[in-house]
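See below for the structure under consideration.
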Amino acid sequence: VQTVLQLGPETALRLTTARYFTPSGRSVQEGGIEPDIRVPQISDPDHKARPVFREADLRRHLINEVKADNAVLEEDTKDDPRFSATPEA
1 VQTVLQLGPE TALRLTTARY FTPSGRSVQE GGIEPDIRVP QISDPDHKAR PVFREADLRR
61 HLINEVKADN AVLEEDTKDD PRFSATPEA
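To convert, note that position 29 of the sequence shown is 29 in the working numbering; the numbers rise steadily by one, no gaps.
Here is the structure:
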């Protein structure tokens with residue numbers, strides 16, 4: 001859930017104010033909700049031919065911190081060579 005705060009006539013701040021969780025506490029971030037019972041899509045026979053876009057496909061999407069693997073988080077703490085090549089100010 002995001003709130004857009006108008007800062008001026010041509011500027012705004014988009015602020016994430018909440019996330020969605022299922023009643024069991026599972027985050028729906030990135031992956032969405034998988035149905036308990038799949039219903040075939042018979043009213044639209046071409047549905048498989050169209051591209052599918054999910055939140056996880058968007059740049060700078062929020063990660064699902066609940067399912068984040070510690071190994072990935074540890075990997076993110078390694079030195080980034082781009083910063084070592086940047087001159088100090």
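Beta carbons: idealized from backbone N, C-alpha and C, even for Gly.
When you compare only the Cα positions, how much space is there between Arg54 and Gly8? When rounded, the distance between both Cα atoms is 31 Å.
What does Phe21 pair with, by DSSP beta-bridge criteria? In the DSSP assignment, Phe21 is bridged to Ser27.
Tell whether a beta-carbon distance below 9 Å holds between Thr22 and Ile33. Yes; because the gap between Cβ atoms is below 9 Å, this pair is in contact.
Can you tell me which residues form a DSSP beta bridge with Thr16? DSSP output for Thr16 lists Gln2 as bridge partner(s).
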